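Here the sequence shown is numbered in my numbering, starting from 627 and rising by one per residue.
Note that CB positions come from ideal geometry on N, CA and C, so glycine has one too.
These numbers come from a predicted model, not from an experiment.
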Amino acid sequence: MRLTKHNGRAGKNGVYNPKHNDRSFDVSHSEHIDEERVARNIYWDCYNGVRQLAEKNSDEVELASTFEDVEQLYYRSFYSDYTDGQNDRNAKSRHTERNRSPEDLLKNRKTCPEETLLQIGTKEEHVPAETLLIIATEFFAEYENRFGSRVHILDWALHLDESTPHIHERHVFDCENQYGELCPQQEKALEALGFDLPNPEKKVSRHNNRKMVFDATCRALLFEICKRHGLHLDEEPEYGGRKHLEKQDFIIAKQKEQMAVQSETIFSQQTAIAVQSDRIQKQDAVILEKEEKLDELTLKIDDVEALIDEVSDIAYDKAVEVVADTVRVETHRQDIKMVEQSKAWVLSPEQKASKKEKEYAAARLDGVIIKITKAMQTAMTAIKTTLMKPEVKKTSTEQIKEKIRPSILDRLHKNQADVAQREADRRKTQPNRKNRIEI
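Next comes the structure, spelled out in structure tokens:
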């Protein structure tokens, strides 16, 4: 098995938050935490000592209730003199924008507490939680004995509600500055404890600092304590990747798993949509064919003047026939009626003429009727011939056009508006189809 010891102050989302350690948040939203086992966790802080969940949330706690409260109280108690003094110096140099409070020190990557994760083994194989707790408490006691004057353990938590037992421990390095004020400063604190640089001939840098020596010393101390308890662990350091995920990293990994499942669902939906899209395209082809026919008819209708000319010619020809027939019939009827009345008068008993004279007069009137009939037929032919003359027809047709054009245009415009409305209604449904296809 391996001994895991990770140190850090901040991640991608800022400085580490102690709320994760003492579970002072709604754990029901964290899938990697077993809510039923949260009560088994063990907590310790520099003001209240060892506590468990019920005690941690008890009203009997006189000082700080949560790890966040503990750290704020500690920083206010020990580093307020430093922030007050520095703020006074800032005011004298007219740089009050540099002023800070103890709470600001807690949020700064250089002055916030450092967090250490301790774990022995992995999810598949690890030491019992009791063994881890014994080793950790012995380590913390030795840690305090050796480095407690400059490195202060603020709080720690043994988590038994996750897949592998592990401990989160938070501490702060401090030392007096040139003004005699105690303030968080790691390198100066380790120098005061007697730690040298890995390479004393070079300047302090990221790859040459006392913290490297301090971490190596703590790691060696941990292995020594483990050996006392019969644990012979792999002491070769493991590089090249972080085995411990931050809370946000875990959430992101979980979201990626959910996204993979969602991708499969989306793929199956896209397949169904593709089938539906094929059907829609076939329907659109039919609609397009009908639209082309409609456009063809619309083009014909758009040639209004040609239509009016055609209608006017036909209307005029029909009108000539109707007018001629009407004139012939009505005139013929009136004239014959008048002759019939004259014939009836001649033959009436009141007339004193002889029978022979009356018959002669009636025969003459019958001849008049025959002549009238022949004359009306001749007149009808003459009327038609006159009305169909080009100059007469043109003038009359133009008059007909002017009369019928408004009514025809109104009817055509109404029909075109109806067609346009149906087309607009049909196209409104197409974006919805497209959206479903592009899910």
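In whole angstroms, what separates the C-alpha of residue i from that of residue j?
i     : j     : result
C809  : N633  : 21 angstroms
Q1003 : P975  : 35 angstroms
G856  : G774  : 27 angstroms
R715  : S706  : 14 angstroms
I1026 : K1019 : 10 angstroms
R990  : K1000 : 16 angstroms
H658  : D710  : 42 angstroms
E1017 : E1028 : 17 angstroms
Y805  : R772  : 26 angstroms
T1011 : V912  : 53 angstroms
K1040 : A1050 : 15 angstroms
V646  : H785  : Residue identity differs from the one stated: residue 646 is His in this sequence, not Val. When rounded, the distance between both Cα atoms is 10 angstroms.
R663  : R649  : 12 angstroms
I899  : F893  : 10 angstroms
G867  : Q895  : Only weak support exists for where G867 lies, its pLDDT of 42 falling under 50; the value from the coordinates is given anyway. Straight-line Cα distance between these residues: approximately 38 angstroms.
A717  : S703  : 23 angstroms
S1022 : K1054 : 48 angstroms
I995  : Q967  : 12 angstroms
K638  : I851  : 33 angstroms
M885  : S654  : 21 angstroms
Q909  : E915  : 10 angstroms
A988  : K1015 : 41 angstroms
H870  : E750  : Confidence at H870 is low in this model, with a pLDDT of 44, below 50, so the placement of that residue should be treated as unreliable; the coordinate-derived value is given next. C-alpha separation (whole angstroms): 15 angstroms.
D1036 : A1043 : 11 angstroms
Q698  : S691  : 11 angstroms
E983  : L973  : 10 angstroms
Q888  : K882  : 10 angstroms
E770  : T891  : 55 angstroms
S903  : R1052 : 17 angstroms
I962  : E1024 : 37 angstroms
In the structure shown, what three-state DSSP assignment does residue i receive?
i     : result
K839  : For the sequence presented, residue 839 should be read as Val rather than Lys. V839 falls in the helix class under three-state DSSP.
G747  : strand
E862  : coil
K908  : helix
A1046 : helix
E740  : strand
D707  : helix
L759  : helix
D1036 : helix
K828  : coil
R990  : helix
V753  : coil
P728  : helix
N734  : coil
R628  : strand
F799  : strand
P1016 : helix
L823  : coil
L848  : helix
I786  : Strictly speaking, residue 786 in this sequence is Leu, with Ile absent from that position. Residue state, collapsed to three classes: coil.
A898  : helix
L780  : strand
L857  : coil
G867  : Unreliable positioning characterises G867 in this predicted model, as indicated by a pLDDT of 42, which lies under 50. The coordinate reading is nonetheless provided below. Residue state, collapsed to three classes: coil.
Would residue i and residue j be called neighbours here (beta carbons separated by less than 9 angstroms)?
i     : j    : result
K631  : R845 : yes
D800  : C672 : no
L689  : I761 : no
L732  : V641 : yes
D660  : E788 : yes
H778  : Y708 : no
E694  : P644 : yes
V830  : E740 : no
N734  : T722 : no
Q812  : K736 : yes
R628  : D860 : yes
F765  : L744 : yes
L758  : H752 : yes
P826  : N835 : no
V1045 : I998 : no
| Which runs of the beta strand (DSSP E) spanning at least 3 residues fall entirely within the segment 635-705, listed in chain order? | 668-671 and 675-677
| field | Segment contact, 8 angstroms Cβ cut-off, at least three pairs: the segment 778-796 with the segment 661-668 | value | yes
| field | At least three beta-carbon pairs within less than 8 angstroms, the segment 718-727 to the segment 815-834 | value | no
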